[in-house]
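> Chains as they are written, first to last, in numbering that gives the first Met the number 0: chain A, 0 to 394; chain B, 0 to 394.
There are 2 protein chains.
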Amino acid sequence: MIPEGLTFANRFDGVTGSAIREIFKYLAKPGMISFAGGNPSLAALPDTICAELAHDVLLADGKRILQYGATEGYPPFVESLSRYLSDQYGFDLELNGVLPTTGSTSCMDLLLKAFLNPGDAVLVESPTFLGNMQTLNLYQARLVPVESDEDGVRLDKLEEAVQKYHPKLFYVIPSFQNPSGRTLAAGRRKPIAQMAAKYGFLVLEDDPYRDLRYTGEHLPTIKSFDTTGHVAYMGSFSKIISPGLRVGYVVAQKDILRKCTIGKQGTDLHTPNLNQAIVDQFLRRGLLEPHIQSILPAYREKMDLMLQELEAFPRGTSFTRPEGGLFIWVEMPEGFNATRLFDRAVEANVAYVPGTHFYPCGGHHHTLRLNFSNSTPEQIREGMGRLRRLFEESL
Amino acid sequence: MIPEGLTFANRFDGVTGSAIREIFKYLAKPGMISFAGGNPSLAALPDTICAELAHDVLLADGKRILQYGATEGYPPFVESLSRYLSDQYGFDLELNGVLPTTGSTSCMDLLLKAFLNPGDAVLVESPTFLGNMQTLNLYQARLVPVESDEDGVRLDKLEEAVQKYHPKLFYVIPSFQNPSGRTLAAGRRKPIAQMAAKYGFLVLEDDPYRDLRYTGEHLPTIKSFDTTGHVAYMGSFSKIISPGLRVGYVVAQKDILRKCTIGKQGTDLHTPNLNQAIVDQFLRRGLLEPHIQSILPAYREKMDLMLQELEAFPRGTSFTRPEGGLFIWVEMPEGFNATRLFDRAVEANVAYVPGTHFYPCGGHHHTLRLNFSNSTPEQIREGMGRLRRLFEESL
Numbered sequence: 000m001i002p003e004g005l006t007f008a009n010r011f012d013g014v015t016g017s018a019i020r021e022i023f024k025y026l027a028k029p030g031m032i033s034f035a036g037g038n039p040s041l042a043a044l045p046d047t048i049c050a051e052l053a054h055d056v057l058l059a060d061g062k063r064i065l066q067y068g069a070t071e072g073y074p075p076f077v078e079s080l081s082r083y084l085s086d087q088y089g090f091d092l093e094l095n096g097v098l099p100t101t102g103s104t105s106c107m108d109l110l111l112k113a114f115l116n117p118g119d120a121v122l123v124e125s126p127t128f129l130g131n132m133q134t135l136n137l138y139q140a141r142l143v144p145v146e147s148d149e150d151g152v153r154l155d156k157l158e159e160a161v162q163k164y165h166p167k168l169f170y171v172i173p174s175f176q177n178p179s180g181r182t183l184a185a186g187r188r189k190p191i192a193q194m195a196a197k198y199g200f201l202v203l204e205d206d207p208y209r210d211l212r213y214t215g216e217h218l219p220t221i222k223s224f225d226t227t228g229h230v231a232y233m234g235s236f237s238k239i240i241s242p243g244l245r246v247g248y249v250v251a252q253k254d255i256l257r258k259c260t261i262g263k264q265g266t267d268l269h270t271p272n273l274n275q276a277i278v279d280q281f282l283r284r285g286l287l288e289p290h291i292q293s294i295l296p297a298y299r300e301k302m303d304l305m306l307q308e309l310e311a312f313p314r315g316t317s318f319t320r321p322e323g324g325l326f327i328w329v330e331m332p333e334g335f336n337a338t339r340l341f342d343r344a345v346e347a348n349v350a351y352v353p354g355t356h357f358y359p360c361g362g363h364h365h366t367l368r369l370n371f372s373n374s375t376p377e378q379i380r381e382g383m384g385r386l387r388r389l390f391e392e393s394l
Numbered sequence: 000m001i002p003e004g005l006t007f008a009n010r011f012d013g014v015t016g017s018a019i020r021e022i023f024k025y026l027a028k029p030g031m032i033s034f035a036g037g038n039p040s041l042a043a044l045p046d047t048i049c050a051e052l053a054h055d056v057l058l059a060d061g062k063r064i065l066q067y068g069a070t071e072g073y074p075p076f077v078e079s080l081s082r083y084l085s086d087q088y089g090f091d092l093e094l095n096g097v098l099p100t101t102g103s104t105s106c107m108d109l110l111l112k113a114f115l116n117p118g119d120a121v122l123v124e125s126p127t128f129l130g131n132m133q134t135l136n137l138y139q140a141r142l143v144p145v146e147s148d149e150d151g152v153r154l155d156k157l158e159e160a161v162q163k164y165h166p167k168l169f170y171v172i173p174s175f176q177n178p179s180g181r182t183l184a185a186g187r188r189k190p191i192a193q194m195a196a197k198y199g200f201l202v203l204e205d206d207p208y209r210d211l212r213y214t215g216e217h218l219p220t221i222k223s224f225d226t227t228g229h230v231a232y233m234g235s236f237s238k239i240i241s242p243g244l245r246v247g248y249v250v251a252q253k254d255i256l257r258k259c260t261i262g263k264q265g266t267d268l269h270t271p272n273l274n275q276a277i278v279d280q281f282l283r284r285g286l287l288e289p290h291i292q293s294i295l296p297a298y299r300e301k302m303d304l305m306l307q308e309l310e311a312f313p314r315g316t317s318f319t320r321p322e323g324g325l326f327i328w329v330e331m332p333e334g335f336n337a338t339r340l341f342d343r344a345v346e347a348n349v350a351y352v353p354g355t356h357f358y359p360c361g362g363h364h365h366t367l368r369l370n371f372s373n374s375t376p377e378q379i380r381e382g383m384g385r386l387r388r389l390f391e392e393s394l
């Protein structure tokens, strides 16, 4: 009950909180094996390195780190991050600037704050990441799903939707998409950047999984084809260093970035300096690349194991075979209901995310998302066995 | 130039960025003595303690700290903070909950997100903190200034404005107000909580300076008189531990806090665990109170020195004599223009914040805000001398 006479803002109409964050509550149950969430493996989190780096940076530059920082970022980190982005990604840092953020959720928040009025159309892949759908809903966006296939969003459907809805933004996750695990084909990337310039909308390229590639080669980002400022790139160190540190960044055309910076003055003033300084040390000491290489084999092994377990699932089960990332997307035969079955899965001590939560318009109850990174091989074997038996019974 | 075809959101109409953050750009000038800003003294920032605490918590609980955390906060910190708030502040944690935030700017953002629709009336003290005015403007609030006197906001003017404007919120800084340095009188606090319950609006009690008291006794918070949930309390460790760590908190009625939590899922997902864990250790190890006691004498000495320097200012200068906090408010004789004089002050290597920026409707060019915490006694003597000579010349 809200205190008498008070009313909440309209932006909360119909927003009830993240389904995944609600699901988390069940996961504390003893014996639970969770394929919900998108957590990195605990083994992949560099706690002793971070302990040393935190200690070092606070002794070396503690006064600056503990004092108010610039909204534009902790200067040494802005420098090392810019170098990293121009070396690794080839981003043009004349047209664009870089803004460190408090995780990539905050990139999304700042970009939506900069651009969206209530009712503005935003195109999204279907399915797409439910966390950012909630962020979009809080800005009262009109979400328009665009059909995807195994190569990511379909260009014909995208252009059709652009012509019909005149969107302000198109939100896309190009690498090992959340939730589908699919990667946007190389050949579709430049056309998306061109379409944005032609029709005058902004692409929000959300790319937190890019470095978790287990097979194949890195693809050029959509942003790398952007010569006009119509693509904003959202990066994150959550999946390759630590999500708990909350360090992400936006790369965007300078006037867009300036609006994000002004918006950020009103959300958290600046991203904590200590967290930026720790990531800065990963970059400066050359720790990032070896760390990523050290975590990839176990992730790949887990993914392969989960895929292998899926082979034994009932006839009619189909699933993606990602080249990286954290998720496998499963489509069960029509009639199967992963949403309804969720409670029974929790009873059987195994959890997933029902696929319906990833669709702007719901439905698709025969789909589900599985995460493999946050379980041990033994848990994957055992948990997938539980799921398989449950699914067999229910068909 | 914004890329072709794109348009920014209406919420940015007329919002140009924080005047203080703009002023900061001038402060890098060699020899500059700055009484602008509201930075703690560098000497007061506990860098070696934080280095040790960061190292300890990452070794002791590093996997949990580096993993995704709960939006509701890092559990040990929620526990120690709740105990601290109920011991030190007497807050009723049955009616209310506590939400750790990424600095107190983010408290403001989350509460406005929870409540404000564009055009909603919000009452503010006049003058008030310009940073949060910007945050209010980004939510397209209709700001209604309420007259204050030496005891803080006037109750008759407040009730008049409530009856006339039916505000959703009243934003107030009760202790050593920013910018005025004034403290809301004890006798005005309970009536404000009662008025909020009677008329059905929410008081946002922003209280980051409370523990920086140099004389007199702590006053009860407005929140301590709230029995109905009509007061939300915004606290911060920025002024007593470190602003760069960005750790603040909201204490609010549980349904209000739930909306803030859902909003926070869409802004930064959660406040970084490491930063919460460091503050947690300050509380658990009993380091906070001795640390506060250790920084107060130097702050008091600086304030007294600045007040003494102000005595020599031209006849007709009046100024507040705060019991704590970081700021002294100066009113020069009518006709004096602190806004216009700012550039000449910067030329003379001394900076302040023109008072006009703290008024929702501008004007008041004869006023200015001085910060004493971030300068040495020598800088205060020298800088106040420069200001005095400049002011004398210009009168």
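A virtual CB, placed ideally from N, CA and C, is assigned to each residue, including glycine.
All of these numbers come straight from a predicted model, not from anything done at the bench.
With a 10 Å radius around its C-beta and 16 neighbouring C-beta atoms as the bar for buried, classify A:Cys259 as buried or exposed.
The residue is buried, with at least 16 neighbouring Cβ atoms inside 10 Å.
> Which bits of chain A does B:Asn38 rub up against, with CB to CB less than 9 Å?
The answer, in chain order, is Gln66 and Tyr67.
> Residues of the segment 187-209 of chain A in Cβ contact with chain B at a cutoff of 8 Å, in chain order, please.
Result list: Ala196, Tyr198, Gly199, Phe200 and Leu201.
> Using 8 Å for Cβ pairs, my map puts B:Leu325 next to B:Tyr208. What's the rounded Cβ distance?
Indeed, because the Cβ distance is near 7 Å, the residues count as touching under 8 Å.
> Could you tell me which chain A residues have their CB closer than 8 Å to the CB of B:Ala113, listed as they occur along the chain?
Correct list: Phe7, Ala8 and Phe11.
> Which of the three DSSP states, helix, strand or coil, is assigned to A:Asn95?
In this structure, A:Asn95 counts as strand in the three-state DSSP scheme.
> Check the Cβ of B:Lys62 against every Cβ in chain A and list those closer than 7 Å, keeping chain order.
Those within 7 Å of B:Lys62 in chain A are Leu41, Leu44 and Asp46.
> If you run the structure through DSSP and keep just helix, strand and coil, what is A:Gly262?
DSSP places A:Gly262 in helix when its eight states are reduced to three.
> In chain order, which alpha helix (DSSP H) runs of at least 4 residues are fully inside the segment 174-207 of chain B?
DSSP runs (the alpha helix (DSSP H)) wholly in the segment 174-207 of chain B: 188-198.
> So who's on the other strand from B:Asp148, going by DSSP bridges?
Paired residues: B:Gly151.
> Hey, out of A:Asn9, A:Val77, A:Ile294 and A:Val143, whose CA is closest to A:Gly361's CA?
The shortest C-alpha separation from A:Gly361 is found at A:Val143.
> Answer yes or no: do B:Ser105 and A:Gln264 have a C-beta to C-beta separation smaller than 8 Å?
No, they are not a contact pair.
> What is the residue span of the beta strand (DSSP E) that B:Gln252 lies within?
Here the beta strand (DSSP E) through B:Gln252 covers Gly247 to Gln252.
> At 7 Å on the CB atoms, spell out the chain A contacts of B:Gln254, in chain order.
Gln is not the amino acid found at residue 254 of chain B; the sequence shown has Asp there. The contacting residues are Met0 and Ile1.
> Helix, strand or coil for B:Leu122, going by three-state DSSP, please let me know.
B:Leu122 falls in the strand class under three-state DSSP.
> Closer than 9 Å between beta carbons: that is the criterion. Which residues of the segment 289-316 of chain B meet it against chain A?
Correct list: empty, as no residue qualifies.
> Taking A:Asn272 as the reference, which of B:Arg320, B:Lys28, B:Asp46 and B:Phe76 has the closest Cα?
The option with the nearest alpha carbon to A:Asn272 is B:Asp46.
> Rounded to whole angstroms, what is the Cα-Cα separation between B:Leu122 and A:His269?
Taking the straight line from one Cα to the other gives about 26 Å.
> A:Glu300 by DSSP, collapsed to three states: which one?
The answer is helix: DSSP assigns A:Glu300 an H, G or I state.
> Closest to B:Gln280 by CA distance: which of B:Tyr73, B:Glu93, B:Leu94 and B:Arg141 is it?
The shortest Cα separation from B:Gln280 among B:Tyr73, B:Glu93, B:Leu94 and B:Arg141 belongs to B:Tyr73.
> Would you report the Cα separation of A:Glu159 and A:Tyr198, rounded to the nearest angstrom?
Cα to Cα, the separation comes out at about 12 Å.
> By DSSP's criteria, A:Thr15 is part of a beta bridge. Which residues make up the other side?
Paired residues: none, contrary to the question.
> Starting from the C-beta of A:Asn38, find all residues in its chain whose C-beta is less than 6 Å away, skip the five residues before and the five after it, and write them out in chain order.
Cβ neighbours of A:Asn38 beyond the five flanking positions: Asn373.
> Taking the beta carbon of A:Thr15 as the centre, do at least 16 other beta carbons fall within 10 Å, making it buried, or is it exposed?
It is exposed - the Cβ of A:Thr15 has fewer than 16 other Cβ atoms within 10 Å.
> Anything in the segment 14-28 of chain A with a Cβ closer than 7 Å to a Cβ of chain B? List those residues in chain order, please.
Under the 7 Å Cβ criterion, the segment 14-28 of chain A contributes Val14, Gly16, Ser17 and Arg20.
> By Cβ distance, which residues of its chain are closer than 6 Å to A:Tyr164, with the 5 residues on each side in sequence left out?
If we look at A:Tyr164 and ignore the five residues flanking it on each side, its Cβ neighbours are Ala120 and Val143.
> Compare the C-beta of A:Gly265 against all C-beta atoms of chain B and say whether one is closer than 8 Å.
Closer than 8 Å to some Cβ of chain B, the Cβ of A:Gly265 qualifies, so yes.
> Run through chain B and tell me which residues come within less than 7 Å of A:Leu110, C-beta to C-beta.
Those do not exist, as A:Leu110 stays about 10 Å from chain B at its closest Cβ, beyond 7 Å.
> How big is the Cα-Cα spacing for A:Gln139 and B:Phe76?
Their backbone Cα atoms lie some 33 Å apart in a straight line.
> Can you give the Cα-Cα distance for A:Leu287 and B:Asn336, rounded to whole angstroms?
In a straight line, the C-alpha of A:Leu287 is about 53 Å away from that of B:Asn336.
> How should B:Pro289 be labelled, buried or exposed, when 16 other C-beta atoms within 10 angstroms of its C-beta is the threshold for buried?
Exposed, because fewer than 16 other Cβ atoms sit within 10 Å of the Cβ of B:Pro289.
> For the alpha helix (DSSP H) containing B:Met0, name the first residue and the last one.
Neither: B:Met0 is in no alpha helix (DSSP H) and is coded neither H nor E.
> Under 7 Å Cβ-Cβ, which residues of chain A neighbour B:Leu469?
No answer is possible for residue 469 of chain B: it lies beyond the span of chain B, which begins at 0 and ends at 394.
> In the segment 273-288 of chain A, which residues sit with their C-beta less than 9 Å from some C-beta in chain B, listed in chain order?
Listed by position along the chain: Leu273, Asn274 and Ile277.
> Could you list which residues in chain A have their beta carbon closer than 7 Å to that of B:Thr70, in chain order?
Within 7 Å Cβ-Cβ: Arg20.
> Would you check if there are 3 or more beta carbon pairs closer than 8 Å linking the segment 214-230 of chain A to the segment 47-62 of chain B?
Counting Cβ pairs under 8 Å, fewer than three are found: no touch.
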